[in-house]
Amino acid sequence: MRYLILILVICSALVSSDSFAHVDRMKSMDHSRHSHMNDEKVKGITITTIQKLTFKDLGYEVGKLPSSWESISTADVNIVSTHGGSYVVSATNSQTKKTIFFKIEDDGEVVAISESNGFK
């Protein structure tokens, strides 16, 4: 009986250590997937965020946007600058002629949204 319990403990330790190794590998795969931003991805993130902001306030300075922002296209989105692993992007509403600015990190996270380009 002691040997049976000993064998079960050893087997369970081997199985659990193998699964912990896969967790680290999955994290590194997930992180590397977002590290290669390009202009199209940044513009896509900007448009998706704008569409979300027409439904609810996400806690940024601009608050909830009017429904006229729903029709924004990639032609209305421009990358103003890139520096220090982040992008500053402008989006102009062609109906209201208002512009908002986004700061997007290299991993795709929207850090700030403002009505003025005060990002450093």
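Each residue of the sequence shown is one higher than the last, beginning at 1 in the UniProt record's numbering. In this text, a Cβ means the ideal position worked out from N, Cα and C, and glycines have one as well. Small disclaimer: the values here were computed from a predicted structure and weren't measured.
Open item on the list: Assuming contact is defined by CB atoms lying nearer than 8 Å, are THR46 and VAL89 in contact in what I supplied?
Closed with: One-based indexing of the sequence shown puts residue 46 at position 46. One-based indexing of the sequence shown puts residue 89 at position 89. A contact, by the Cβ cut-off of 8 Å.
- [ ] Please list, in chain order, all residues of the same chain as ASP106 whose beta carbon is under 6 Å from its beta carbon, the five residues on each side excluded.
- [x] If you number the sequence shown from 1, residue 106 lands on position 106. MET37 and GLY85.
Open item on the list: Considering only their Cβ atoms, is the gap separating ILE104 from GLU61 smaller than 8 Å?
Closed with: One-based indexing of the sequence shown puts residue 61 at position 61. One-based indexing of the sequence shown puts residue 104 at position 104. Not closer than 8 Å, so no.
- [ ] Using only alpha-carbon positions, find the residue among LEU6, SER81 and LYS56 that is nearest to ASN117.
- [x] Residue 117 sits at position 117 when you count from the first residue of the sequence shown. Selected option, being the one with the closest Cα: SER81.
TODO: Kindly indicate which three-state DSSP category SER67 falls into: helix, strand or coil?
DONE: Position 67 of the sequence shown holds residue 67. Helix, per DSSP.
Task: Residue interval of the alpha helix (DSSP H) (run including GLU40) - done: Taking the sequence shown and counting its residues from 1, one reaches residue 40 at position 40. Per DSSP, GLU40 belongs to the alpha helix (DSSP H) from 39-53.
TODO: Pull up the DSSP beta-bridge partners for TYR60, would you.
DONE: Residue mapping note: residue 60 aligns to position 60 of the sequence shown, counting from 1. Beta-bridge pairing links TYR60 to no other residue.
TODO: Give me the Cβ distance between ILE72 and ILE50, rounded to the nearest whole Å; I'm assuming they're in contact under 8 Å.
DONE: Residue numbering aside, residue 72 sits at position 72 when the sequence shown is read from its first letter. Residue numbering aside, residue 50 sits at position 50 when the sequence shown is read from its first letter. Confirmed, Cβ separation roughly 5 Å.
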